[in-house]
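The block underneath contains the structure these notes are about, expressed in structure tokens.
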Amino acid sequence: MPDLRRAARLALATTTPAGRSVIALGVVSTVVAGQAGYEEFRLIAIMCGLLVLVALLLFALPTRVRARLELRPAHTTAGETGAGELRVTNLRLTPLYHPLVTIPLDADRDERRGAQRVHVRLPVLRRNQPVTEQFEVPAVRRGVLRVGPAGARRTDPLGFFQRHAAWSEPAELLVRPRMVSVEGLGPGSVKDLEGTPSDQVSMSDLAFHALREYVRGDDLRHVHWRSSARAGRLYVRQYHDTRRTHAVVLVDDTRSAYADPEDFELALQIAASVVMRVALDEFDLSLVCGPQQLSGAAQHVLDAFCFSELAAGDLVVSARTAAHLAPDASQLIVVSGGRLDTELLPAVRDAFPDDVRFLGLRADPRADPDAPGAQGPQLVTVDALERLPGLLASHVRGIVL
7 MPDLRRAARL ALATTTPAGR SVIALGVVST VVAGQAGYEE FRLIAIMCGL LVLVALLLFA
67 LPTRVRARLE LRPAHTTAGE TGAGELRVTN LRLTPLYHPL VTIPLDADRD ERRGAQRVHV
127 RLPVLRRNQP VTEQFEVPAV RRGVLRVGPA GARRTDPLGF FQRHAAWSEP AELLVRPRMV
187 SVEGLGPGSV KDLEGTPSDQ VSMSDLAFHA LREYVRGDDL RHVHWRSSAR AGRLYVRQYH
247 DTRRTHAVVL VDDTRSAYAD PEDFELALQI AASVVMRVAL DEFDLSLVCG PQQLSGAAQH
307 VLDAFCFSEL AAGDLVVSAR TAAHLAPDAS QLIVVSGGRL DTELLPAVRD AFPDDVRFLG
367 LRADPRADPD APGAQGPQLV TVDALERLPG LLASHVRGIV L
């Protein structure tokens with residue numbers, strides 16, 4: 007029965023009012039001719055049947071249009087528009103005059119409410135002459151937006167039947183969280199003899215940098231005697247500080263940690279802003295947010311946020327996963343919601359070595375960050391994304407002082 011209902015709805019949606027009128031006229035004429043024996047009504051029924059048959063045959067002919075749908079770039083930010091390109095080639099003998107191409111957006115997800123659509127009016131499509139048109143894709147919310155397939159309204163010459171003929175394959179637009187510019191996250195590097203040489207010059211490390219002349223107060227253990235003997239004056243070795251600079255961003259995907267699902271969106275916006283700051287500081291980067299677990303460039307991490315969803319997560323288990331993913335971590339940034347159980351934080355920190363710097367960010371639009379006790383030495387409450395830079399700047403100043 008469900009299959010029959012679905013087929014009936016499809017047939018009804020495919021048939022135009024003109025087609026339904028001709029079919030109804032044919033059925034009524036057949037009944038009248040059979041009951042009353044009027045040959046005129048039998049002729050009308052035959053003509054209606056022939057018209058419907060011809061329309062169906064013409065309607066079933068292939069479209070013979072080749073199209074390619076591309077998104078350049080394949081990502082955008084929530085609230086902004088994405089850029090798309092549609093390339094169409096007409097393979098028919100006759101031209102297509104100004105077809106109106108329809109591109110549904112997330113048709114599967116919004117099937118009940120009716121999918122949003124983008125319409126592109128093309129110029130005359132002549133045979134084997136490719137035409138390229140640009141269009142914009144509105145991306146309101148974070149996530150993965152299915153764009154397409156691009157196609158046009160297909161009908162027969164009599165106008166009895168119509169359907170959306172798909173011309174291209176669909177594409178996916180990755181919609182990243184909104185972000186703001188953050189000035190700094192505080193100390194995020196740890197001295198490590200096996201780390202990466204930094205720009206800071208030191209006299210007490212193992213990464214040799216250069217020789218310079220001896221000045222009063224230098225440790226004689228760093229004198230390079232061979233060069234000093236050759237030059238006739240003392241030279242000492244100069245070194246680079248070697249530091250471990252690997253930031254881990256841990257986003258809590260536990261549903262109970264957020265009073266409202268929109269709070270999770272704020273948490274992802276905070277985490278994305280932090281990721282951009284880490285990238286500008288040229289730190290190594292790792293992300294753990296539920297099943298999204300990766301190390302690499304900031305662009306890949308930001309794309310991973312598009313797939314993040316609330317679940318029955320476990321912050322402590324995620325912290326252990328992050329510690330295994332990034333054993334050389336120097337800084338841990340935990341982003342959670344207003345209902346975060348702060349008693350879990352010691353266990354989260356214990357998953358990492360003692361020298362790893364810790365910063366906790368709590369997304370809670372209902373909180374007052376200026377209230378006494380709202381901010382702790384290692385936990386910052388953020389009520390709005392626009393307030394993040396100022397709150398972090400105050401936190402960093404507090405660390406320095």
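Whatever position you read off the sequence shown (first residue = 1), add 6 for this note's numbering. Just so you know, even glycine gets a beta-carbon here, dropped at the ideal spot from N, CA and C.
Item	Value
Any heavy atom of the ligand ZN closer than 6 Å to the beta-carbon of A253?	This structure simply doesn't include the ligand ZN, nor any ligand for that matter.
Can you tell me where the beta strand (DSSP E) holding Q122 begins and where it ends?	122-127
Whose CA, out of D224, L316, S187, lies closest to the CA of D258?	L316
Can you look up A3 in the DSSP assignment and give me helix, strand or coil?	This structure gives no information on residue 3, because the portion of the chain shown stretches from 7 to 407.
For the alpha helix (DSSP H) holding T83, just list the boundary residues, first then last.	Run containing T83: none in the alpha helix (DSSP H); it sits in the beta strand (DSSP E), 81-83.
Whose C-beta lies closer than 8 Å to the C-beta of V322 among residues of the same chain, with five residues either side of it excluded?	L350, A353, V354, A357
How would you call T21, buried or exposed, if buried means at least 16 neighbouring beta carbons within 10 angstroms?	buried
With distances taken Cα to Cα, identify the nearest neighbour of L331 among A303, A318, Q299.	Q299
May I ask which residues mark the beginning and end of the beta strand (DSSP E) holding T95?	87-96
My understanding is that L106 touches R72, with C-beta atoms under 8 Å, so please give their C-beta distance in whole angstroms.	Wrong, their Cβ atoms sit about 18 Å apart, outside the cutoff.
Please go through the same chain and pick out, in chain order, the residues whose beta-carbon is closer than 7 Å to the beta-carbon of L394, but skip the five residues on each side of it.	V186, V188, I276, S279, V388
Across the region 82-102 and the region 125-144, are there enough close Cβ pairs to call them in contact, namely three or more that are closer than 8 Å?	yes
Give me, in chain order, the residues of the same chain whose beta-carbon lies closer than 6 Å to that of L365; leave out the 5 immediate sequence neighbours on both sides.	I339
Going by DSSP, which residues form a beta bridge with L179?	L151
Does the beta-carbon of V406 have 16 or more other beta-carbons within 10 angstroms, so that it is buried, or is it exposed?	Any reading at V406 needs caution, since the residue's pLDDT is 43, under 50, leaving its predicted position unreliable; the model's value is listed next. So V406 counts as exposed.
My parser needs the alpha helix (DSSP H) runs of 4 or more residues fully inside the region 282-322; what are they?	304-311
Do L64 and P163 have their C-beta atoms within less than 7 Å of each other?	yes
What is the DSSP secondary structure of L398, reduced to helix, strand or coil?	helix
According to DSSP, is A171 part of a helix, a strand, or is it coil?	strand
Would DSSP call G40 helix, strand or coil?	helix
Are the beta-carbon atoms of L180 and D309 separated by less than 7 Å?	yes
Please state whether the Cβ-Cβ distance between F166 and G90 is less than 7 Å.	no
I'd like to know whether the C-beta atoms of R368 and S400 end up nearer to each other than 7 Å.	no
With A353 as the anchor, note down where its alpha helix (DSSP H) starts and where it stops.	351-356
Return the CA-CA distance between D205 and F311, expressed in angstroms with no decimal places.	For D205, the predicted model reports a pLDDT of 46, less than 50, meaning its position is unreliable; a value from the coordinates is still stated below. Approximately 32 Å, taken between the alpha carbons.
Pick out whichever of L346, F270, H252, I29 has its Cα sitting closest to the Cα of L291.	H252
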